[in-house]
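Sequential numbering of the sequence shown, starting at 23, is according to our numbering. All C-beta atoms in this analysis are idealised placements derived from N, C-alpha and C, irrespective of residue type, glycine included.
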Amino acid sequence: MLKLLNTSLVFRSATLVLCIALLTGAIFSGITYFVLVEKERTEHRLHTNELLSTVEDTVKIACFLNDKNLAAEVVRGLLKSHFINRVIIKNEHAILAQAGGEKIGIDELVQGSIVRQISSPFNSQEIVCQIALDLDPQVIQSNAAERSKFIVYILLMQAMLVALAVVLIVLHLITRPIKDISDHLHHLSAELGAKLQLPSGHGSDEIGRLVDDVNALLNRLVLILDNERNLRIQREIDEKKYRAIFENAETGIFVVDKFGRLHSYNLSFMRLLGVEPLTPYRVEMLQYYLGGAASRCCELIDLSLKENRGVNEDLFVSFLDEKDSKWLSLVLNPIDEVMLQGLLGDVSDRKRSEESAKKIALSLQNAKIAADRANQTKSDFLANMSHEIRTPLNAILGFSALLRDTTLDAQQKDFVAAINTGGDALLSQINDLLDFSKIEAGKLELELLDFDLRRTIEESLDLVMSKAVEKKLEMVLLIDPNVPWRMNGDSSRLRQILLNLLNNAIKFSSKGPILIRVNTMLISSNQYRLHIDVVDKGIGISPAVQAQLFKPFAQADASTTRRFGGTGLGLSICRRLAEAMGGQIDVSSKEGEGSIFWFEIILSKANQIHPPFVLPAELIGQSVLLLAELPENCELLSVQLQALGFVVKAFTSGDAFLQVLQQRQDICLVFLDAQLVEQDDFQLLTVVRSTPLYAELPLILLSGGIGLLGRAEQARDRGFNALLNKPIRTAQLFECLQVAFSLQVKKEEIPSLPAIGMQYFVEKPYVLLAEDNLLNQKIALLMLERIGCRVDVVDDGKAAVQAVEKNTYDLVLMDCQMPNMDGFDATRTIRALSSDKCNVIILALTANAFKEDIQRCLDSGMNDFLSKPISIEVLQAELLKWISTTR
23 MLKLLNTSLV FRSATLVLCI ALLTGAIFSG ITYFVLVEKE RTEHRLHTNE
73 LLSTVEDTVK IACFLNDKNL AAEVVRGLLK SHFINRVIIK NEHAILAQAG
123 GEKIGIDELV QGSIVRQISS PFNSQEIVCQ IALDLDPQVI QSNAAERSKF
173 IVYILLMQAM LVALAVVLIV LHLITRPIKD ISDHLHHLSA ELGAKLQLPS
223 GHGSDEIGRL VDDVNALLNR LVLILDNERN LRIQREIDEK KYRAIFENAE
273 TGIFVVDKFG RLHSYNLSFM RLLGVEPLTP YRVEMLQYYL GGAASRCCEL
323 IDLSLKENRG VNEDLFVSFL DEKDSKWLSL VLNPIDEVML QGLLGDVSDR
373 KRSEESAKKI ALSLQNAKIA ADRANQTKSD FLANMSHEIR TPLNAILGFS
423 ALLRDTTLDA QQKDFVAAIN TGGDALLSQI NDLLDFSKIE AGKLELELLD
473 FDLRRTIEES LDLVMSKAVE KKLEMVLLID PNVPWRMNGD SSRLRQILLN
523 LLNNAIKFSS KGPILIRVNT MLISSNQYRL HIDVVDKGIG ISPAVQAQLF
573 KPFAQADAST TRRFGGTGLG LSICRRLAEA MGGQIDVSSK EGEGSIFWFE
623 IILSKANQIH PPFVLPAELI GQSVLLLAEL PENCELLSVQ LQALGFVVKA
673 FTSGDAFLQV LQQRQDICLV FLDAQLVEQD DFQLLTVVRS TPLYAELPLI
723 LLSGGIGLLG RAEQARDRGF NALLNKPIRT AQLFECLQVA FSLQVKKEEI
773 PSLPAIGMQY FVEKPYVLLA EDNLLNQKIA LLMLERIGCR VDVVDDGKAA
823 VQAVEKNTYD LVLMDCQMPN MDGFDATRTI RALSSDKCNV IILALTANAF
873 KEDIQRCLDS GMNDFLSKPI SIEVLQAELL KWISTTR
């Protein structure tokens, strides 16, 4: 019973509340007692002061008269009060009266609870004596204790009542609901959804939250129990499955110890090795069933246990009957220091597949070797074709270069220039063919040199202009004035991309114009991004075809090939070249509306990027009128003239042009489009010339094509000062301005080779030319003589060796492919001669242009390499490079 009371929440709560109530009552009782004591003391002091006031006059008289008897009467009267226990009356000379308590001497201070100074009855300022009274503390305390008893009883009763009330409240609000919860928990079933009932009146208080938390906990416990039960059931199912898998797996599964004793294995293991089922009375050894691989199996067991890691190896298990031999894959993983778990599988089929794969790989390797040989054959064919084409091309370019330096009229110079341009174009096509071969082999190389950007672009237009004229297509070149004049990069690759896009634009267009826009953007301190658009109004390209356009051998469709021809390699090469130069190429097109092909490449700043031509100061700010049929031509020429410093007014209508011309008097130059002039049978020209103010005005005719016989003569006969062919080229524009104004336009000098034919040597260099082709002999001989050399000519390698042995040459030009002895063997033979002959300078002279050909020449002992066709400028530069000018 006592234990139950000690553990009962009600009893413990009641005890705690009672103790707190008693402690509180005791504290309040003590406080009440001390308050009452102080109150009694205060009341007695007030009463004492009243008594003193009553006897004060009598004491004054007694003290004034020094009447001790009277003073003693007063003292006795005061002591009759039960709360006064001592009274003393004293002046400065003697104690007049004292009673109660201890006696004091005259010299001792008068001390007591109450001390009052008594003045003279005749002079209130004069103190005649003192009266001191001591209050009895026992009387005060006794009175206070008597008065506080009732209060203490009241407080104790209140504490008991509060404790009882608290116990009842706790019993009703806390203990009873908790007991109900406890009783309900004892009878609650352990199933999902079972929950405690919420005691009434406790929906939102702590009891209610406790019930909710207990219900949530019960649900979680039920879920945990269900999960554990499900897991147990699943483990039993998995165990059955694992046992079924273990017994029926295709792979043999076994447990073996370090001695090779088998402790368990499945049916597949038994089938693979022919092992009998385990019995308690027989020991099976793994090594016994592995035939010739038994020793290796023991080594693997030792290795796995020693290094505590898994091992895996394919073993060939051979038996007397070869048909029973097989390849087995053995996997061992240590379980502890003695036992291992193993897997055994038949990999005979895989081994046979690997053997088959090896045979296939060997076959593929042989096929690759054959393909490499075929590729080498193709490269040799390309090299041979390059040689065969370059040899006659050398004659074309060589003789045209020599002819260019002879006395020719303007028309003949145009013919020679056209021959030279066409030969260069053919050479470019040959190089394109070689480039594609290099691109396929991943050996594309870029040549980074300073070049004139405008000239490169304009010359590209010149190469395709004849095709545009044949189709009556006008070409307009718009170069942003901020584009630098000279850049550093591979100009031939730039020209190659642009030519391909221009040829395609002409090929697939039936109406013009074809617009070429050029601009640049500075992307770093020394690099530009060059952007070129080629805009045509041709057949256009569908979006589906655009995605395939830059792939090798891809064209729009089969009808495109039949109608326009082509291999489909051009745009693919352009894409590779643009990417190699740090850029990209793409197209925007709609069927029937034309196309915009554009590309970007990265170029570097050149040493000289300012314009090579500068106008005289007197032409700056002069007014120029321009009449052209196409707005694009107006824009192009206006931009170029404004960049030079002219003030330009452009027109596409003759009436507006004449109206302004007749109103202005400050015109210094007029450009007229040939098409507009010819449309009205030269009436426009007649009106201009008939105006007295402009009778001598310089006129420049804008021609729609090049190579038209008689065009320049007809222009001069009609009164034009100069002829400017379209597309408009910067250099040609300056030449026309020079002619129109009859002045010398200043040019900024661009470093170049010295003029051909000048003598730079004290003595003529002595040169041996080894060349078997008579035409090439003649070209090289004429070039060397034009430069100022003495020349001996031989036609094979043996003759070259003999000539070097006989004579002392300054330089040998050695063709690489010659009869009897080629240039390589001849060079090696010369290098083996005596010291005074073996050091002669030998330059290779060949039509082969592959990098490996260059390396072969250098490896044979040649000093440098010259690729046909050779220009006289390049030949002269090489001679100046290798022969001392102090001769």
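Buried or exposed by the 16-neighbour rule on C-beta atoms within 10 Å, applied to residue i
{"i": "M836", "result": "buried"}
{"i": "Q387", "result": "exposed"}
{"i": "A392", "result": "exposed"}
{"i": "D260", "result": "exposed"}
{"i": "R508", "result": "buried"}
{"i": "P535", "result": "buried"}
{"i": "G52", "result": "exposed"}
{"i": "F144", "result": "exposed"}
{"i": "P720", "result": "buried"}
{"i": "V137", "result": "exposed"}
{"i": "G587", "result": "For G587, the predicted model reports a pLDDT of 43, less than 50, meaning its position is unreliable; a value from the coordinates is still stated below. Exposed: under 16 other Cβ atoms inside 10 Å."}
{"i": "E613", "result": "exposed"}
{"i": "L897", "result": "buried"}
{"i": "Y287", "result": "buried"}
{"i": "I805", "result": "Reading the sequence as shown, one finds Met at residue 805 and not Ile. Looking at its Cβ environment, which holds 16 or more other Cβ atoms inside 10 Å, M805 is buried."}
{"i": "F704", "result": "exposed"}
Which residues DSSP lists as bridging residue i, in chain order
{"i": "K348", "result": "V339"}
{"i": "M836", "result": "A792, A866"}
{"i": "N504", "result": "Paired residue(s): none; N504 is not in a bridge."}
{"i": "S617", "result": "D558, S611"}
{"i": "A753", "result": "DSSP output for A753 lists no bridge partner at all."}
{"i": "L365", "result": "I275, V353"}
{"i": "Y550", "result": "L544, L625"}
{"i": "I149", "result": "S141"}
{"i": "M497", "result": "I536"}
{"i": "Y55", "result": "Bridge partners of Y55: none, in fact."}
{"i": "S488", "result": "DSSP lists no partner for S488."}
{"i": "K671", "result": "L647"}
{"i": "D814", "result": "L790"}
{"i": "K112", "result": "I117, Q152"}
Cβ separation of residue i and residue j, assumed to be a contact under 8 angstroms, to the nearest whole Å
{"i": "C319", "j": "L325", "result": "The Cβ separation is near 11 angstroms, so there is no contact."}
{"i": "V789", "j": "R812", "result": "7 angstroms"}
{"i": "V661", "j": "P503", "result": "6 angstroms"}
{"i": "V150", "j": "K82", "result": "7 angstroms"}
{"i": "N747", "j": "A762", "result": "About 15 angstroms separates the two Cβ atoms, so there is no contact after all."}
{"i": "G676", "j": "L707", "result": "No, G676 and L707 are not in contact; Cβ-Cβ is about 10 angstroms, not under 8 angstroms."}
{"i": "M934", "j": "L865", "result": "Absent from the structure is residue 934, since the part of the chain shown begins at 23 and ends at 909."}
{"i": "S513", "j": "T478", "result": "5 angstroms"}
{"i": "I2", "j": "F887", "result": "With the chain represented from 23 up to 909, any question about residue 2 goes unanswered, as that position is not in the structure."}
C-beta atoms of residue i and residue j nearer than 8 angstroms
{"i": "F673", "j": "L694", "result": "no"}
{"i": "L40", "j": "A187", "result": "no"}
{"i": "L724", "j": "A696", "result": "yes"}
{"i": "L659", "j": "I750", "result": "yes"}
{"i": "F291", "j": "A315", "result": "no"}
{"i": "I571", "j": "I563", "result": "Rather than Ile, the amino acid found at residue 571 in this sequence is Leu. Closer than 8 angstroms, so yes."}
{"i": "L73", "j": "A93", "result": "no"}
{"i": "I624", "j": "R515", "result": "no"}
{"i": "S882", "j": "T849", "result": "yes"}
{"i": "T868", "j": "S889", "result": "yes"}
{"i": "E654", "j": "V498", "result": "yes"}
{"i": "L352", "j": "L322", "result": "yes"}
{"i": "L100", "j": "V77", "result": "yes"}
{"i": "S617", "j": "D555", "result": "no"}
{"i": "L308", "j": "L284", "result": "yes"}
{"i": "I689", "j": "L683", "result": "yes"}
{"i": "L468", "j": "F619", "result": "no"}
{"i": "C794", "j": "D817", "result": "Looking at the sequence shown, residue 794 is not Cys but Asp. Yes. Within cutoff."}
{"i": "L362", "j": "N355", "result": "yes"}
Cβ-heavy atom distance, residue i to the ligand NAP, below 7 angstroms
{"i": "L44", "result": "This structure lacks the ligand NAP, and indeed carries no ligand of any kind."}
Closer than 8 angstroms to chain B by CB, residue i
{"i": "G52", "result": "You won't find chain B in this structure, because it holds only one protein chain."}
Quiz item: Can you list, in chain order, the stretches of the beta strand (DSSP E) that have 3 or more residues and sit fully within the segment 506 to 547?
Solution: 508 to 511, 536 to 546
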